[in-house]
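*Asks:* In terms of the working numbering, the sequence shown has 89 at position 89, counting the first letter as 1, and numbering is strictly consecutive.
Yeah, the Cβ is synthetic: ideal placement off N, Cα and C, and Gly gets one too.
Sending over a structure as structure tokens; questions will come in a sec.
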Amino acid sequence: MTRPAGINSAVTPAEIVRPYVPAAAVDHVARLLEGMAVDLRVVRPRRSKLGDHRPPPTPLRPHRITVNADLNPYAFLTTLLHEVAHAATWERHRGGVFRRRRLRPHGPEWQQEFSAVLGPVREAGVFPDDVAAALTRSLENPAAATCSDRGLLLALARYDRSPEGRVRVEDLSEGTWFRIDGRHAFRAGRLVRTRRQCFAAGSGREYRVHGLLFVEPLAQEPTRQRAGRKRGM
1 MTRPAGINSA VTPAEIVRPY VPAAAVDHVA RLLEGMAVDL RVVRPRRSKL
51 GDHRPPPTPL RPHRITVNAD LNPYAFLTTL LHEVAHAATW ERHRGGVFRR
101 RRLRPHGPEW QQEFSAVLGP VREAGVFPDD VAAALTRSLE NPAAATCSDR
151 GLLLALARYD RSPEGRVRVE DLSEGTWFRI DGRHAFRAGR LVRTRRQCFA
201 AGSGREYRVH GLLFVEPLAQ EPTRQRAGRK RGM
């Protein structure tokens with residue numbers, strides 16, 4: 001995890017994002033982050049999300065934005081700008097429309113902010129043509145959000161490096177066992193939009209795992225897990 005970027009941080013936003021985003025986007029992202037109070041954290045990969053935003057819990061606290069560290073540069077940039085747009089939407093509307101009705105997470109207000117923060121890097125040609133086209137389609141569809149737009153996610157995923165012996169969760173057959181990070185084992189269930197319903201070995205607890213996550217497929221349920229479940233019967 002990096003130290004947070006924000007008003008009281010000794011690390012500048014540019015220093016934090018430089019290893020993760022395309023070089024041509026560093027200055028733009030740094031200016032956005034310097035313009036608001038943001039605690040930016042680059043975190044270890046999570047199964048269920050690429051990034052998130054939490055508004056300030058009190059007036060004197062910053063927004064908190066997290067982004068997974070394993071994303072390719074184009075996915076990291078898109079995810080970070082997605083979350084910055086949430087922070088900008090909160091700042092712009094917290095004293096007005098929030099008092100009358102609840103904003104939709106990816107409603108027209110967010111769409112407008114996302115288009116604004118994304119515009120300069122699109123115009124500068126930072127994204128490859130296929131990603132730029134997918135972003136344009138996503139922005140033109142009011143019902144879409146970057147976190148669930150399959151076309152955009154697939155375009156971004158083309159720039160991932162596939163680890164040896166790993167496959168994407170969405171490519172597993174239903175019922176296949178797999179392991180995440182060499183530790184936790186799950187059985188693949190049905191696809192639910194951009195995620196797959198998965199069940200933990202032993203407990204059977206349900207999780208929703210992102211379809212583009214790389215995992216290690218297993219030939220069968222892990223022996224230790226099977227034995228533990230039999231002992232409990």
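So the alpha helix (DSSP H) Y234 belongs to, where does it begin and stop?
*Replies:* Missing from the structure shown is residue 234; the chain here goes from 1 to 233 and no further.
*Asks:* Can you grab the Cα-Cα spacing for the pair H28 / L218, in whole Å?
*Replies:* Answer to the nearest angstrom: the Cα atoms are 43 Å apart.
*Asks:* Could you tell me which residues DSSP puts in a beta bridge with N68?
*Replies:* DSSP lists V43 as partners of N68.
*Asks:* Any chance the region 32–46 sits against the region 62–72, with 3 or more Cβ pairs inside 8 Å?
*Replies:* A contact exists between the region 32–46 and the region 62–72.
*Asks:* Going by C-alpha to C-alpha distance, which of R193, I180, E164 and F186 sits closest to L153?
*Replies:* With distances taken between Cα atoms, L153 lies closest to R193.
*Asks:* Which value, in whole angstroms, describes the spacing of the CA atoms of F199 and A124?
*Replies:* Looking at the two C-alpha atoms, the distance is approximately 44 Å.
*Asks:* Under 7 Å Cβ to Cβ from A25, same chain only, skipping five residues before and after it: list those, please.
*Replies:* Excluding sequence neighbours, A25 sits near L77, V121 and V126.
*Asks:* What would DSSP say about P217, mapped onto helix, strand or coil?
*Replies:* If DSSP states are grouped into helix, strand and coil, P217 belongs with the strands.
*Asks:* I need the DSSP call for L11, collapsed to helix, strand or coil.
*Replies:* For clarity, residue 11 is Val in the given sequence; the question names Leu instead. In this structure, V11 counts as coil in the three-state DSSP scheme.
*Asks:* In whole angstroms, what separates the C-alpha of P73 from that of P22?
*Replies:* About 6 Å.
*Asks:* Looking at N68: is its Cβ nearer than 7 Å to the Cβ of L50?
*Replies:* Result yes, Cβ atoms of N68 and L50 sit closer than 7 Å.
*Asks:* Along the chain, where does the alpha helix (DSSP H) that runs through G151 open and close?
*Replies:* Counting along the chain, the alpha helix (DSSP H) containing G151 begins and ends at R150 to A157.
*Asks:* Would the region 199–216 and the region 43–59 be scored as touching if the rule is three or more Cβ pairs under 8 Å?
*Replies:* Yes, the region 199–216 touches the region 43–59.
*Asks:* Between which two residues does the alpha helix (DSSP H) harbouring R31 extend?
*Replies:* Per DSSP, R31 belongs to the alpha helix (DSSP H) from V26 to E34.
*Asks:* Here's the rule: buried if 16 or more other CB atoms are within 10 angstroms of the residue's CB, otherwise exposed. What is A188?
*Replies:* Buried, because 16 or more other Cβ atoms sit within 10 Å of the Cβ of A188.
*Asks:* In the DSSP assignment, the beta strand (DSSP E) including A188 goes from what residue to what residue?
*Replies:* Note, A188: beta strand (DSSP E), H184 to V192.
*Asks:* From A134 to V43, what does the alpha carbon distance come to, in whole angstroms?
*Replies:* Between A134 and V43, the C-alpha separation is close to 26 Å.
*Asks:* For the alpha helix (DSSP H) containing G247, list its first residue and its last residue.
*Replies:* Outside the displayed range of the chain (1 to 233) lies residue 247, so it cannot be described from this structure.
*Asks:* For F199, write down the residues that DSSP places opposite it in a beta bridge.
*Replies:* Per DSSP, R187 and E206.
*Asks:* In terms of alpha-carbon separation, which member of V11, S162 and D129 lies closest to L71?
*Replies:* Answer by Cα proximity: S162.
*Asks:* Within a Cβ cutoff of 6 Å, which residues of the same chain sit near D297, ignoring the five residues on either side of it in sequence?
*Replies:* This structure cannot speak to residue 297, because the chain is shown only from 1 to 233.
*Asks:* Short of 6 Å in beta carbon distance, which residues of its chain neighbour Q197, apart from the five on each side in sequence? Order them along the chain.
*Replies:* Excluding residues within five positions, the ones whose Cβ falls inside 6 Å are G189 and R190.
*Asks:* Less than 7 Å between the C-beta atoms of V215 and V169, yes or no?
*Replies:* Cβ distance < 7 Å, so V215 and V169 count as in contact.
*Asks:* Since I believe F114 is in contact with A85 (beta carbons under 8 Å), could you give me their beta-carbon distance rounded to a whole number of angstroms?
*Replies:* So it is a contact: roughly 4 Å between Cβ atoms.
*Asks:* Where do the ends of the beta strand (DSSP E) carrying D171 lie?
*Replies:* Here D171 belongs to no beta strand (DSSP E), and DSSP marks it neither H nor E.
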